[in-house]
Every structure is written in C-alpha cells, then in structure tokens.
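Under the numbering used here, think of the first position of the sequence shown as 38, with each following residue one higher.
Using N, Cα and C, we set each Cβ at its ideal position, and we do this for glycine too.
In what follows, a structure is listed as structure tokens, so that the remarks can point back to it.
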Amino acid sequence: MSFLMRAPEECGSWEWELGGVAPGLASGLDVAARMTAVLRGHGLLEPEQVEWFWFVYGVGGVGIKTVLPVRGRLDPADLRGRVEASRPSGYPDARVGDLSVSGRGVWIDADGEERREERLVVLSVDPDERELSADVAVFHDVWGYFDFRGVPHPEIHRRNAPRLAAALGDLDALLGVKAEEGEMTYFGRAEGYGIATPDVIDGRGPDLTDRL
Numbered sequence: 038m039s040f041l042m043r044a045p046e047e048c049g050s051w052e053w054e055l056g057g058v059a060p061g062l063a064s065g066l067d068v069a070a071r072m073t074a075v076l077r078g079h080g081l082l083e084p085e086q087v088e089w090f091w092f093v094y095g096v097g098g099v100g101i102k103t104v105l106p107v108r109g110r111l112d113p114a115d116l117r118g119r120v121e122a123s124r125p126s127g128y129p130d131a132r133v134g135d136l137s138v139s140g141r142g143v144w145i146d147a148d149g150e151e152r153r154e155e156r157l158v159v160l161s162v163d164p165d166e167r168e169l170s171a172d173v174a175v176f177h178d179v180w181g182y183f184d185f186r187g188v189p190h191p192e193i194h195r196r197n198a199p200r201l202a203a204a205l206g207d208l209d210a211l212l213g214v215k216a217e218e219g220e221m222t223y224f225g226r227a228e229g230y231g232i233a234t235p236d237v238i239d240g241r242g243p244d245l246t247d248r249l
C-alpha cells in the first residue's frame, strides 16, 4: 500500500490539560515548539506551517484565519513576533485561537519502505488565557490493525503503531502529565497509546469507506 486515505475526522486523539503551565500565547508557542521537537524526533511531524483563527472575547470568531510557514523547527520567540504582527488591523483586540502545527510525517509500508505523508500527525495547542491545553490527532489507518476497508494489515500496524506509542509516551514525559484519550469518532478511538481494535466479524473490521 503506497496511497493513504485520510479520514475527515480523527481516528484517534490524545489531549493534555496543562494546568501547571502558565497560560497565554508565549507559553503556548513554547509548548508547541517542544512537542513538535518530540514528534519530529520520531519522524512523525516535520513542521511546515502554523495556523489559527482569530477571535474576540465576548464576540467569538471573526472569520479570519492566519497561516504562517515554518521550516523544520519552531522558534517560539520568532513566532510570537510574527503572530503579533499578523493580527487583523480591523480587530485590534483579537486573540489567537488554537495553534495547529502541520507538515509531513513518515509512515512505513508493508515492505519496510519509508513514505512521507501530509498531515500524518497534527498537533494543536490552545493558548487560552486561563488554562493551556494540547492535542495530538491522527487521521490515517496505518496506526490500527485494520485499514479503512476493514482488511487486516498486520505488517503496517507492526511497523507504525509502536512509533506513535513511543512518541505519545515521550510527550507524557515532556509535559509531566498523562494524556487523556479523545472522543470516539466514526473512524475510531484512542486506547492507551494506540487505536482501539474495533468489533471483528469473520476476521474483518468495519468498512468505513462510505464516509471517506
């Protein structure tokens, strides 16, 4: 398999509530940079851009999205200046919503060949002024035992699932708090540091391609 189908919703996600970290944009960018470095070290996220929507307290979203290109690593100090400089001129009180870091990551096919895929892993950090939080989500079937058609692919699972599990464990250690499993979607749910095995009928999982 060399072509990956991407689900419109995550098939697994993990969340960290960072009550011990000072909230706000500076801390959010620092956390995003450190988490990205961990994911990059595991080959799961080579950051290419940071994006977010702007909002105003008491009003809500203003319908403006900003995308900043980055190259390989996040520099929190540089990014903070670029973020502040990109504030919409018509909304001087606008604040930064969830910071989403995306780029390419490496997955390994059944023959052991490394392949690169856009948005293999997506990292989000919410720089809320009250409490910082972070989220890691995956949208492809390489992390589970079955592909989206319900066909077992044990070699792909064996080559990729442990890499994701190791990265999530390292993120727990970095942040000093254990991740909570995100909500279940049509395409799956997190279980521990992996994707939960679905109900199996006659050796196959569910066929989820009707929503792809």
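Around the beta-carbon of T73, 16 or more other beta-carbon atoms lie within 10 Å, marking it buried. Between E47 and F176, the C-beta gap is smaller than 7 Å, which places the two residues in contact. Positions of the alpha helix (DSSP H) runs, each at least 4 residues long and wholly inside the segment 184-238, are given as 191-212 in order along the chain. When DSSP reads this structure, V68 sits in no beta bridge, so it has no partner. Between T246 and L205, the alpha-carbon positions lie close to 27 Å from each other. Beta bridge pairing from DSSP links F90 with K102. A distance below 7 Å separates the beta carbons of P60 and E168. Residue pairing for G140: DSSP places it in a beta bridge opposite P84. R124 and R132 have their C-alpha atoms spaced approximately 8 Å apart.
By the Cβ rule, the segment 129-146 counts as touching the segment 80-91, because three or more pairs are nearer than 8 Å.
Around G242, the same chain offers F183, G187, P235 as residues with beta carbons nearer than 7 Å, after the five sequence neighbours per side are excluded. Shown here for E166: same chain residues with a beta carbon closer than 8 Å to its own, the five before and five after excluded, namely P60, G61, R132 in chain order. At a Cβ-Cβ threshold of 7 Å, E52 and D172 count as neighbours.
For D163, the uninterrupted beta strand (DSSP E) segment begins and ends at 158-163. By the Cβ neighbour-count rule, S126 is exposed, with fewer than 16 other Cβ atoms within 10 Å of its own. Taking the Cα positions, L55 is about 43 Å away from D239.
A Cβ-Cβ distance of about 4 Å is found for the pair V158 and L81, placing them in contact under the 8 Å criterion. If you check the CB distance, Y230 and A210 do not come in under 7 Å. The DSSP-derived three-state label of A59 is coil. Residue environment analysis places R77 among the buried positions, since at least 16 neighbouring C-beta atoms fall within 10 angstroms of its C-beta. For A114, there is no enclosing beta strand (DSSP E); the residue is found in the alpha helix (DSSP H) stretching over 113-122.
Of the candidates P113, D130, P199, P199 places its Cα closest to the Cα of W144.
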